[in-house]
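A short worksheet on the structure shown next.
Number of protein chains: 2
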Amino acid sequence: MPEILKTHIARFISLKGEDSSQVLSFFQSIHLKKKQNILSEGQVCKQHYFVEKGLLRMFYINDKGVEHTIQFALENWWLTDLMSYQDRRPSGFYIQAVEATELMAINLEDQEKLLEQYPVMEKYFRIIFQKAYAANQLRIKYIHDLSSAEMYDRFAGQNPAFVQRVPQYLLASFLGFTPEYLSELRRKKLS
Amino acid sequence: MPEILKTHIARFISLKGEDSSQVLSFFQSIHLKKKQNILSEGQVCKQHYFVEKGLLRMFYINDKGVEHTIQFALENWWLTDLMSYQDRRPSGFYIQAVEATELMAINLEDQEKLLEQYPVMEKYFRIIFQKAYAANQLRIKYIHDLSSAEMYDRFAGQNPAFVQRVPQYLLASFLGFTPEYLSELRRKKLS
DNA sequence: CGCGGGTTTGATGATGCTCAAGCCCGGTGG
DNA sequence: CCACCGGGCTTGAGCATCATCAAACCCGCG
Chain A
2 MPEILKTHIA RFISLKGEDS SQVLSFFQSI HLKKKQNILS EGQVCKQHYF VEKGLLRMFY
62 INDKGVEHTI QFALENWWLT DLMSYQDRRP SGFYIQAVEA TELMAINLED QEKLLEQYPV
122 MEKYFRIIFQ KAYAANQLRI KYIHDLSSAE MYDRFAGQNP AFVQRVPQYL LASFLGFTPE
182 YLSELRRKKL S
Chain B
2 MPEILKTHIA RFISLKGEDS SQVLSFFQSI HLKKKQNILS EGQVCKQHYF VEKGLLRMFY
62 INDKGVEHTI QFALENWWLT DLMSYQDRRP SGFYIQAVEA TELMAINLED QEKLLEQYPV
122 MEKYFRIIFQ KAYAANQLRI KYIHDLSSAE MYDRFAGQNP AFVQRVPQYL LASFLGFTPE
182 YLSELRRKKL S
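If you're matching them up, the sequences are chains A and B in order. Counting in our numbering, the first sequence tops out at residue 192, every number present. Counting in our numbering, the second sequence tops out at residue 192, every number present.
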C-alpha cells in the first residue's frame with residue numbers, strides 16, 4: 002500500500018526526500034470495502050481522493066431511480082465531485098468502491114495549506130487537472146460521434162482488462178445505455 | 002483590447018504591477034474575422050487561446066461530413082485542443098471564430114518559460130483547469146440524463162443571451178442533435 | 001438447496017435521424 | 001432599386017436506434 006502516491010507525484014515534480022514525506026503527511030489513508038460509499042447525494046464532498054489500489058466510480062440516481070456512472074477512477078487516478086468540493090456545496094453524486102479499495106484523501110483546508118507550504122504542488126495539480134480535462138475533451142467527442150455499438154466496441158477494444166473487471170451493468174451505465182441493450186450488442190458481436 | 006487577460010489573472014492570483022506586465026509579454030494578441038480558422042484538422046495545435054472579445058468554437062467533421070461542436074469559448078474563457086497542444090500531436094479538430102474575435106495566445110515553449118519564471122502562474126492555470134474540469138463533470142451528467150428537448154430547454158433557459166448570439170445549427174451541433182430536430186423542438190415550444 | 005443479483009431474450013414503442021422539398025430573408029450585383 | 005441568389009430555417013414522411021417492461025434464466029453464495 003505504501004508510497005504509491007509519492008511515486009505518482011514524483012512522476013511530475015521533484016521534491017527533496019524530507020519534503021516528500023512532509024507532503025504525504027497532509028493525506029489520510031482510507032480503506033473501502035466493495036460497494037461502500039464514501040460520498041452520498043446531499044452531502045458536501047469534503048475530500049479529493051487518489052486511488053492507490055482498487056476502483057471507484059462516481060454516479061448519480063435520476064428521478065426514475067436509474068444509476069448513471071459519470072466516471073471511474075482506477076489506480077493512480079484522482080476523483081472527486083469538484084463542484085461540491087471547491088464550493089462546499091451539497092453534491093448530487095455518490096462515490097462508491099466497485100472493489101475493495103485503498104485511497105489517499107485530502108480535504109480542502111489541508112489542500113490549501115499544502116499548496117501554500119509547497120507551491121510546487123500547484124504544478125502537480127495543474128498537470129493532473131490538465132490531463133483530466135484533455136481526456137474529457139476526447140470523451141465528449143466520442144459521445145457525440147459514436148453510436149452505442151461503436152462506443153462499446155471502442156471501449157472494449159482499448160480497455161479489455163477493465164471490461165473483465167466490472168459487471169456489465171456498470172459498463173452500460175457508464176457508456177450511456179441500458180444493460181439490456183448491451184446484452185443485445187454482445188450477442189450480435191458473437192455471430 | 003486592453004488588459005482583459007491581466008484582469009482575469011488578477012481575479013485568481015496577485016502579481017506585483019511590473020510582474021503583471023512581464024507576464025503579459027509572453028502572450029501574443031490575435032484578431033480573427035468571422036468564420037476564420039485558427040486551427041485546422043491535421044495541424045498541431047500550437048497555442049492556448051484566451052478570448053478577450055468575441056466567440057470561438059472547437060469542432061470536428063465526422064466521416065459523413067457533419068460538423069460537431071465540442072465546445073464554445075466566450076469572453077474570459079480559455080480554449081485549445083489540449084491533447085494536441087500538450088503532446089504536440091496533430092489535432093482532429095478545428096478552432097474557428099463564430100464572430101470577429103480578439104484573442105491572447107501563448108505557445109507551449111513560452112508557457113513553460115512563463116511557468117518557470119513565475120511559478121505563481123501554475124496556480125492560475127491550476128484553477129483554470131480545475132474549473133473547466135468541474136464544468137465538464139456537470140456536462141457529462143446532463144448528456145447522460147437529459148433528452149434532447151430537456152437539453153435545449155435547460156441550455157436556452159440558462160443562457161438566453163448566448164442563444165441569441167449563435168445560429169441554430171451551431172447550437173444543435175453543440176447540444177448533440179440535428180438542426181431539423183431543433184426546429185421541431187422550437188415549434189412545439191410555442192404551442 | 002434455494003435465494004437473489006446479474007444477464008439474456010423478445011415485443012412494443014418513443015425518440016431523434018435522414019432525405020427531400022419549400023420557404024424566408026438578407027446580401028450582392030446589375 | 002430591384003432581382004436573384006444562397007444560406008439557414010422549417011416541414012413532413014419514413015426509418016433506425018435504443019428504451020421500456022416483463023419474463024426467464026444462470027450461477028455463485030449463504
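Each residue gets a CB set at the ideal place from its N, CA and C atoms; glycine is no exception. No experiment lies behind these values; they were computed from the predicted model shown.
Please state the DSSP three-state secondary structure of Leu33 (chain A). Counting from one through the first sequence, the residue named residue 33 (chain A) turns up at place 32. Of the three classes helix, strand and coil, the one that applies to Leu33 (chain A) here is strand, per DSSP.
Residues of chain B with CB under 9 Å from Met84 (chain A), in chain order? Working through the first sequence from its first residue, we reach residue 84 (chain A) at position 83. Those are Ala135, Ala136, Gln138 and Leu139, listed as they occur along chain B.
Taking the alpha carbon of Leu147 (chain A) as the reference point, which residue from B:Val67, B:Cys46, B:Ala162 and B:Leu116 has its own alpha carbon closest? Walking along the first sequence from the start, residue 147 (chain A) turns up at place 146. The candidate whose alpha carbon is nearest that of Leu147 (chain A) is B:Val67.
Quick one: residues in its chain with C-beta nearer than 7 Å to the C-beta of Val167 (chain A), no 5 flanking neighbours on either side, listed in chain order? Taking the first residue of the first sequence as 1, we reach residue 167 (chain A) at position 166. If we look at Val167 (chain A) and ignore the five residues flanking it on each side, its Cβ neighbours are Val99.
Listed in chain order, which residues of the stretch 119-132 of chain B have Cβ atoms closer than 7 Å to some Cβ of chain A? Pro120, Glu123, Lys124, Phe126, Arg127, Phe130 and Gln131
For Gln44 (chain A), report the span of its alpha helix (DSSP H) as first-last. Taking the first sequence and counting its residues from 1, one reaches residue 44 (chain A) at position 43. Per DSSP, Gln44 (chain A) belongs to no alpha helix (DSSP H) and is neither H nor E.
Sequence-distant residues of its chain with Cβ nearer than 7 Å to Asn63 (chain A) (five each side left out): Indexing the first sequence from 1 puts residue 63 (chain A) at position 62. His69.
Hey, does Gly177 (chain A) have any beta-carbon neighbour from chain B nearer than 8 Å? Locating residue 177 (chain A) in the first sequence gives position 176, counting from the first residue. Answer yes: the Cβ-Cβ gap between Gly177 (chain A) and chain B drops below 8 Å somewhere.
Span of the beta strand (DSSP E) holding Asn108 (chain B)? Position 107 of the second sequence holds residue 108 (chain B). Its beta strand (DSSP E) spans residues Thr102 to Asn108.
Straight-line Cα distance separating Pro180 (chain B) from Pro161 (chain B): Taking the first residue of the second sequence as position 1, residue 161 (chain B) is located at position 160. Taking the first residue of the second sequence as position 1, residue 180 (chain B) is located at position 179. Rounded to whole angstroms, Pro161 (chain B) to Pro180 (chain B) spans 18 Å at the Cα level.
Inter-residue spacing [alpha-carbon to alpha-carbon] between Gln112 (chain A) and Lys35 (chain B): Along the first sequence, read from residue 1 onward, the residue named residue 112 (chain A) stands at position 111. Along the second sequence, read from residue 1 onward, the residue named residue 35 (chain B) stands at position 34. Computed Cα separation, rounded: 43 Å.
Indicate whether at least one CB of chain B lies closer than 8 Å to the CB of Tyr61 (chain A). Translated into positions along the first sequence, residue 61 (chain A) becomes position 60. True, the Cβ-Cβ gap to chain B drops below 8 Å.
What does the alpha-carbon distance come out to for the pair Asp82 (chain B) and Gln169 (chain B)? Within the second sequence, numbered from 1, the residue matching residue 82 (chain B) stands at position 81. Within the second sequence, numbered from 1, the residue matching residue 169 (chain B) stands at position 168. Whole-angstrom Cα-Cα distance: 24 Å.
For Ile62 (chain A), which beta-bridge partners are listed by DSSP? In the first sequence, counting from the first residue as 1, residue 62 (chain A) sits at position 61. Paired residues: A:Glu68.
For Asp146 (chain B), go through chain A and note every residue whose CB falls closer than 7 Å to its CB, in chain order. Along the second sequence, read from residue 1 onward, the residue named residue 146 (chain B) stands at position 145. Asn63 and His69, listed in chain order.
Report the residue from B:Ile39, B:Leu40, B:Met59 and B:Ile31 whose alpha carbon sits nearest the alpha carbon of Glu53 (chain B). What you label residue 53 (chain B) is simply residue 52 of the second sequence in a count that begins at 1. Here the closest residue by C-alpha is B:Ile31.
For Lys17 (chain A), the three-state DSSP class (helix, strand or coil): To locate residue 17 (chain A), count along the first sequence from 1; it is residue 16. If DSSP states are grouped into helix, strand and coil, Lys17 (chain A) belongs with coil.
Classification of Arg58 (chain B) by the beta-carbon crowding that lies within 10 angstroms, buried from 16 upward: The count along the second sequence starts at 1 and reaches residue 58 (chain B) at position 57. Answer is buried; the Cβ neighbour count reaches 16.
Identify the contact partners of Lys142 (chain A) in chain B, using a Cβ-Cβ distance below 7 Å as the criterion. To locate residue 142 (chain A), count along the first sequence from 1; it is residue 141. The contacting residues are Tyr61 and Ile71.
Alpha-carbon spacing of Phe178 (chain B) relative to Lys65 (chain B), whole angstroms: To locate residue 178 (chain B), count along the second sequence from 1; it is residue 177. To locate residue 65 (chain B), count along the second sequence from 1; it is residue 64. So the two alpha carbons sit approximately 14 Å from each other.
Counting only Cβ pairs nearer than 7 Å, list the residues of chain A close to Gln112 (chain B). Taking the first residue of the second sequence as position 1, residue 112 (chain B) is located at position 111. Within chain A, no residue comes near Gln112 (chain B); the closest Cβ sits about 11 Å away, beyond 7 Å.
For Arg127 (chain A), count the other beta carbons within 10 Å of its own beta carbon; 16 or more makes it buried, fewer makes it exposed. Which is it? Translated into positions along the first sequence, residue 127 (chain A) becomes position 126. Per the 10 Å Cβ criterion, buried.
Specify the secondary structure class of Tyr119 (chain B) as computed by DSSP and reduced to three states. By one-based count along the second sequence, residue 119 (chain B) stands at place 118. Looking at Tyr119 (chain B) - three-state DSSP - the assignment turns out to be coil, as it is neither helix nor strand.
Own chain partners of Ile5 (chain A) with C-beta closer than 7 Å, once the 5 adjacent residues on each side are dropped: As a working note, residue 5 (chain A) is residue 4 in the first sequence. So the qualifying residues of the chain are Glu53.
Leaving out five residues before and five after Gln84 (chain B) in sequence, what residues of the same chain have Cβ atoms less than 7 Å from its Cβ? Counting from 1 along the second sequence, the entry for residue 84 (chain B) is found at position 83. Checking the sequence shown, residue 84 (chain B) turns out to be Met, not Gln. The residues are Arg90.
I need the straight-line Cα distance from Glu103 (chain B) to Arg187 (chain A), nearest angstrom please. Counting from one through the second sequence, the residue named residue 103 (chain B) turns up at place 102. Counting from one through the first sequence, the residue named residue 187 (chain A) turns up at place 186. For Glu103 (chain B) and Arg187 (chain A), the distance between alpha carbons rounds to 50 Å.
Using the C-alpha atoms, what's the distance from Leu172 (chain B) back to Ala157 (chain B)? As a first step, residue 157 (chain B) must be located in the second sequence, where it is residue number 156. As a first step, residue 172 (chain B) must be located in the second sequence, where it is residue number 171. For Ala157 (chain B) and Leu172 (chain B), the distance between alpha carbons rounds to 10 Å.
Residues sharing a beta bridge with Ile128 (chain A), DSSP: As a working note, residue 128 (chain A) is residue 127 in the first sequence. Answer by DSSP bridge pairing: none, since Ile128 (chain A) is not bridged.
Return the CA-CA distance between Met152 (chain A) and Ser92 (chain B), expressed in angstroms with no decimal places. On the first sequence, residue 152 (chain A) is found 151 positions in, with the first residue counted as 1. On the second sequence, residue 92 (chain B) is found 91 positions in, with the first residue counted as 1. If you take the alpha carbons of Met152 (chain A) and Ser92 (chain B), they lie about 21 Å apart.
Output the distance between the C-alpha atoms of Gln165 (chain B) and Phe27 (chain A), rounded to the nearest integer angstrom. The residue labelled residue 165 (chain B) in the question sits at position 164 within the second sequence. The residue labelled residue 27 (chain A) in the question sits at position 26 within the first sequence. Rounded to whole angstroms, Gln165 (chain B) to Phe27 (chain A) spans 48 Å at the Cα level.
Taking the alpha carbon of Ala106 (chain B) as the reference point, which residue from B:Ala150, B:Tyr95, B:Trp79 and B:Lys114 has its own alpha carbon closest? As a working mapping, residue 106 (chain B) is identified with position 105 in the second sequence. Answer by Cα proximity: B:Trp79.
Please classify Tyr95 (chain B) as buried or exposed, where buried requires at least 16 neighbouring CB atoms within 10 angstroms. Sequence index remark: in the second sequence, residue 95 (chain B) carries index 94 (1-based). Answer is buried; the Cβ neighbour count reaches 16.
Could you tell me the distance, in whole angstroms, from the CA atom of Gln87 (chain B) to the CA atom of Lys47 (chain A)? Counted from its first residue, the second sequence places residue 87 (chain B) at position 86. Counted from its first residue, the first sequence places residue 47 (chain A) at position 46. Whole-angstrom Cα-Cα distance: 31 Å.
Would you say Gln169 (chain A) faces chain B, with C-beta separation under 8 Å as the test? Working through the first sequence from its first residue, we reach residue 169 (chain A) at position 168. Not closer than 8 Å to any Cβ of chain B, the Cβ of Gln169 (chain A) fails to qualify, so no.
Check whether the Cβ atoms of Val45 (chain B) and Met122 (chain B) lie closer than 8 Å to each other. Stepping through the second sequence from its first residue, residue 45 (chain B) is reached at position 44. Stepping through the second sequence from its first residue, residue 122 (chain B) is reached at position 121. No; because the gap between Cβ atoms is not below 8 Å, this pair is not in contact.
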